[in-house]
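2 protein chains.
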Amino acid sequence: MIEVNAPVTMSDVARAAGVSTATVSRVVNGHYGVSARTVAQVRSAIEQLGYESSLVATSLRRSRTNVLGLVAHSFQSYTAEVLKGVMKALSRSGFDLIIYANSDLYGSYSEGWEQRHLTRLSGTLTDGCIVVTPWGDFRTRTPVVAIDPVRGSTAPSVISDNLTGATTAVEHLLGLGHRRIGFIAGRDSLASAWSREEGYRAALTAAGVPVDPTLIGRGDFNPESATPLARVLLQRPDPPSAIFAASDGMALKVLEVARELGFSVPGDLSVVGFDNIPESALTQPGLTTVDQSMYQLGYEAARMLKSLVTGEWDEPSQIVLPTSLVVRDSTAPPKSAARP
Amino acid sequence: MIEVNAPVTMSDVARAAGVSTATVSRVVNGHYGVSARTVAQVRSAIEQLGYESSLVATSLRRSRTNVLGLVAHSFQSYTAEVLKGVMKALSRSGFDLIIYANSDLYGSYSEGWEQRHLTRLSGTLTDGCIVVTPWGDFRTRTPVVAIDPVRGSTAPSVISDNLTGATTAVEHLLGLGHRRIGFIAGRDSLASAWSREEGYRAALTAAGVPVDPTLIGRGDFNPESATPLARVLLQRPDPPSAIFAASDGMALKVLEVARELGFSVPGDLSVVGFDNIPESALTQPGLTTVDQSMYQLGYEAARMLKSLVTGEWDEPSQIVLPTSLVVRDSTAPPKSAARP
DNA sequence: ACTGCAATCGTTATCGGTTACGTTTCCAGG
DNA sequence: CCTGGAAACGTAACCGATAACGATTGCAGT
Chain A
1 MIEVNAPVTM
11 SDVARAAGVS
21 TATVSRVVNG
31 HYGVSARTVA
41 QVRSAIEQLG
51 YESSLVATSL
61 RRSRTNVLGL
71 VAHSFQSYTA
81 EVLKGVMKAL
91 SRSGFDLIIY
101 ANSDLYGSYS
111 EGWEQRHLTR
121 LSGTLTDGCI
131 VVTPWGDFRT
141 RTPVVAIDPV
151 RGSTAPSVIS
161 DNLTGATTAV
171 EHLLGLGHRR
181 IGFIAGRDSL
191 ASAWSREEGY
201 RAALTAAGVP
211 VDPTLIGRGD
221 FNPESATPLA
231 RVLLQRPDPP
241 SAIFAASDGM
251 ALKVLEVARE
261 LGFSVPGDLS
271 VVGFDNIPES
281 ALTQPGLTTV
291 DQSMYQLGYE
301 AARMLKSLVT
311 GEWDEPSQIV
321 LPTSLVVRDS
331 TAPPKSAARP
Chain B
1 MIEVNAPVTM
11 SDVARAAGVS
21 TATVSRVVNG
31 HYGVSARTVA
41 QVRSAIEQLG
51 YESSLVATSL
61 RRSRTNVLGL
71 VAHSFQSYTA
81 EVLKGVMKAL
91 SRSGFDLIIY
101 ANSDLYGSYS
111 EGWEQRHLTR
121 LSGTLTDGCI
131 VVTPWGDFRT
141 RTPVVAIDPV
151 RGSTAPSVIS
161 DNLTGATTAV
171 EHLLGLGHRR
181 IGFIAGRDSL
191 ASAWSREEGY
201 RAALTAAGVP
211 VDPTLIGRGD
221 FNPESATPLA
231 RVLLQRPDPP
241 SAIFAASDGM
251 ALKVLEVARE
261 LGFSVPGDLS
271 VVGFDNIPES
281 ALTQPGLTTV
291 DQSMYQLGYE
301 AARMLKSLVT
311 GEWDEPSQIV
321 LPTSLVVRDS
331 TAPPKSAARP
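Keeping their order, the protein sequence lines are chains A and B.
Mapping the first sequence onto UniProt numbering, position 25 (from 1) lands on 25, and the numbers just tick up by one.
Mapping the second sequence onto UniProt numbering, position 152 (from 1) lands on 152, and the numbers just tick up by one.
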């Protein structure tokens with residue numbers, strides 16, 4: 001049954017136990033200076049009334065709350081994976097997690113809200129935050145760890161080795177014989193997008209293949225942003241024989257467009273993604289991609305934040321996680337392996 | 001740059017603007033009774049100092065916070081889909097969302113924590129909560145909407161038409177000629193699990209096929225719970241020709257086990273799931289399943305909670321959403337269509 | 001100039017806890 | 001019996017904001 005009114009406060013408990021709220025507080029927090037008899041009385045009163053301390057009131061008065069926050073700008077597969085890693089790291093650690101999501105997911109991308117919510121939370125509700133958004137930096141009074149930070153950020157962060165990953169991916173395509181390789185970039189404010197493009201350029205240059213700017217589409221990591229770009233690339237009179245997309249979400253959209261335009265994959269077109277989200281293993285054909293463990297990203301970020309909060313962090317403030325190429329069915333040698 | 005210390009409070013603003021905190025509060029909340037000149041002063045002070053009101057302090061004092069909560073016991077695809085629907089419904093509604101996740105995701109399933117967190121949040125931080133957990137009911141002072149509630153719950157809730165959905169699924173298998181149909185049940189505390197099993201039994205009975213208890217495995221909606229059950233069913237000397245799993249997560253595990261044991265799907269074994277999570281469309285073969293829009297579930301729950309909070313709800317307290325069968329590639333007639 | 005009513009703004013109690021500090025109780029030691 | 005000091009507990013200030021209430025001011029009407 002739901003009882004709509006059950007505002008049991010600490011003073012209710014105090015009254016029931018015949019003591020002051022101060023004593024109840026001491027019992028609840030296991031502080032020193034309460035006789036065993038009184039503790040028992042208070043405990044039983046708490047039990048009877050079903051009292052739980054208010055998170056809000058506690059947060060307001062205390063500096064430490066043992067609650068960490070996660071602020072994300074959207075909830076794609078990427079974020080969900082990160083979330084699992086974070087929860088794993090926090091498991092049995094004594095920290096709880098609050099995820100703050102704004103209600104404008106599909107609305108206007110108001111750049112300011114992360115900062116707004118961060119300041120509203122920090123210093124009160126949460127002891128620290130993990131942010132995973134395409135914007136930054138953030139001013140807070142509590143530690144912040146960024147996952148995939150903006151370019152040039154010096155804040156504590158966790159990031160994949162995007163440069164190596166992207167280089168490997170393009171080298172894989174080059175190794176298959178591809179020379180005209182399209183690229184769909186991510187949101188350029190992010191360090192990851194930048195590094196992945198760097199890797200693309202570096203691999204081409206190292207192989208003596210000139211970088212053709214008209215083969216580069218400017219996406220923003222949002223899957224939908226890739227659709228028109230893929231259409232443009234594939235409807236050219238001279239379409240590329242392979243496309244490297246800076247994220248799996250975008251790569252999957254490339255597959256969609258390819259199917260729609262009658263390209264067979266990997267026959268007519270090879271596609272490589274980046275991220276290795278769960279869907280990439282399941283799609284048909286399986287997507288060749290660069291694995292960055294988003295789970296691990298979340299796990300490390302949470303571990304880092306935890307120690308930052310407790311003040312026992314001594315490792316460098318930027319963690320770089322390795323990536324690895326996962327070859328599936330979306331890549332093959334081009335039909336005409338040789339071309340100027 | 002991150003400034004670690006920026007505790008700008010309302011009284012800082014008040015001091016800077018040369019007014020009282022009450023006036024600042026009035027300006028912030030757009031209340032009546034402040035001259036245009038004062039508003040301008042306060043606004044500029046807020047701007048200069050970068051002030052944001054503390055969510056916690058506001059929550060403590062106010063009855064309404066315009067923040068809704070979501071309490072979930074795990075974060076599988078199911079929850080992620082629900083989440084998207086919730087966010088969509090809350091988009092541009094003036095409500096923010098806080099997701100409370102305990103850190104024991106993989107640890108002991110301590111049944112009490114949802115109640116604990118619910119009381120810690122309700123009446124202070126949040127105006128109401130959506131709960132999606134296999135336990136209930138909950139005592140709170142603010143409205144609660146349950147998604148897929150426990151059996152016998154009378155609380156406001158949103159649920160799919162599980163009975164019809166399950167019946168249709170089994171009728172589909174019967175129509176293909178299957179007679180030995182296995183079933184992997186969900187957590188029996190949930191109304192949905194109950195209804196789906198009911199549908200399974202009803203369809204069989206209506207077709208004159210006796211229900212064989214040894215063909216029923218007792219899972220709990222957790223994908224992992226299905227693996228050993230599927231193994232048992234398929235390693236029998238007389239395995240069923242089809243398996244209906246009460247959730248897609250479990251059905252996908254059945255596919256995994258089938259592959260492992262050398263069953264071809266749908267050649268040797270037909271598999272049907274329930275939920276239609278995104279993965280089901282991508283897996284190979286595509287999973288035939290009963291579509292319940294988890295997105296819609298979340299959307300409706302949020303819509304309901306919103307009106308409950310504002311006190312303008314007049315529809316029934318239980319919403320039932322339709323389901324529909326999605327036939328993909330995991331079902332086909334059995335090899336020997338006729339059997340006693 | 002005087003009254004009266006709005007408009008404007010400050011004072012203060014309050015939300016539910018926490019904690020510094022003060023007070024009382026109790027017992028050991030002199 | 002008195003004193004000292006630690007243990008046990010209450011008092012009250014405080015965290016940051018809100019809102020009821022009171023006080024002040026300005027201006028119109030007479």
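The beta carbon of each residue, even a glycine, is placed where N, CA and C say it ideally should be.
On a predicted model such as this, the values are computed, not experimentally measured, just so you know.
Does at least one heavy atom of the ligand SAM sit under 6 Å from the Cβ of residue i?
i	result
residue 223 of chain A	Annotation note on the ligand SAM: not contained in the displayed structure, which lists no ligands.
If the criterion is Cβ atoms closer than 7 Å, does the pair residue i and residue j meet it?
i	j	result
residue 229 of chain B	residue 217 of chain B	yes
residue 187 of chain A	residue 134 of chain A	yes
residue 325 of chain B	residue 178 of chain B	no
residue 270 of chain B	residue 331 of chain B	yes
residue 130 of chain B	residue 70 of chain B	yes
residue 294 of chain B	residue 78 of chain B	yes
residue 73 of chain A	residue 100 of chain A	no
residue 241 of chain B	residue 221 of chain B	no
residue 286 of chain B	residue 329 of chain B	yes
residue 175 of chain B	residue 243 of chain B	no
residue 144 of chain A	residue 297 of chain A	no
residue 185 of chain B	residue 208 of chain B	no
residue 42 of chain A	residue 24 of chain A	yes
residue 140 of chain A	residue 122 of chain A	yes
residue 125 of chain B	residue 56 of chain A	yes
residue 327 of chain B	residue 161 of chain B	no
residue 128 of chain B	residue 305 of chain B	yes
residue 113 of chain B	residue 151 of chain B	no
residue 8 of chain B	residue 60 of chain B	no
residue 115 of chain B	residue 95 of chain B	no
Taking its Cβ as the centre, do 16 or more other Cβ atoms sit within 10 Å of residue i, making it buried, or is it exposed?
i	result
residue 149 of chain A	buried
residue 32 of chain B	exposed
residue 323 of chain A	buried
residue 206 of chain A	exposed
residue 337 of chain A	Residue placement at residue 337 of chain A is poorly supported in this model, since its pLDDT is 47, which falls under 50; the coordinates still yield a value, given next. With fewer than 16 Cβ atoms within 10 Å of its Cβ, residue 337 of chain A is classed as exposed.
residue 214 of chain A	exposed
residue 165 of chain B	buried
residue 47 of chain A	exposed
residue 224 of chain A	exposed
residue 316 of chain B	exposed
residue 45 of chain B	buried
residue 54 of chain B	buried
residue 29 of chain A	exposed
residue 120 of chain B	buried
residue 105 of chain A	With a pLDDT of only 45 at residue 105 of chain A, under the threshold of 50, the placement of this residue in the model should not be trusted, and no figure is reported.
Below 8 Å on the Cβ atoms is my guess for residue i versus residue j; work out the distance and round it to an integer in Å.
i	j	result
residue 272 of chain A	residue 288 of chain A	5 Å
residue 231 of chain B	residue 257 of chain B	5 Å
residue 290 of chain B	residue 274 of chain B	5 Å
residue 51 of chain B	residue 13 of chain B	5 Å
residue 202 of chain B	residue 167 of chain B	6 Å
residue 75 of chain B	residue 89 of chain A	With 8 Å as the limit, residue 75 of chain B and residue 89 of chain A do not qualify as a contact, their Cβ atoms being about 14 Å apart.
residue 284 of chain B	residue 284 of chain A	6 Å
Return the chain-ordered ranges of every alpha helix (DSSP H) run that is complete within the UniProt domain "HTH lacI-type" (8-62) of chain A and spans a minimum of 4 residues.
10-17, 21-28, 36-49, 55-61
Contact between the region 260-267 of chain A and the region 227-244 of chain A: three or more CB pairs below 8 Å?
yes
Validate contact between the region 292-302 of chain B and the region 157-167 of chain B using beta carbons, cut 8 Å, 3 pairs
yes
Under 8 Å, with one C-beta from each stretch per pair, do the region 182-202 of chain A and the region 16-35 of chain B reach the 3-pair mark?
The answer is no - the region 16-35 of chain B does not touch the region 182-202 of chain A, with fewer than three Cβ pairs under 8 Å.
In chain order, which continuous runs of the alpha helix (DSSP H) of length 4 or greater are located wholly inside the region 200-245 of chain A?
Counting whole runs of 4 or more residues, the region 200-245 of chain A contains the alpha helix (DSSP H) stretches 223-234.
Stretch pair the region 272-291 of chain A + the region 309-316 of chain A: three plus CB contacts closer than 8 Å:
no
With a floor of 4 residues, list each alpha helix (DSSP H) that falls wholly inside the region 149-207 of chain A, ordered by position along the chain.
162-176, 191-206, all fully within the region 149-207 of chain A.
Run through the region 281-320 of chain B for me and flag every whole alpha helix (DSSP H) of 4 or more residues, listed as ranges in chain order.
294-310
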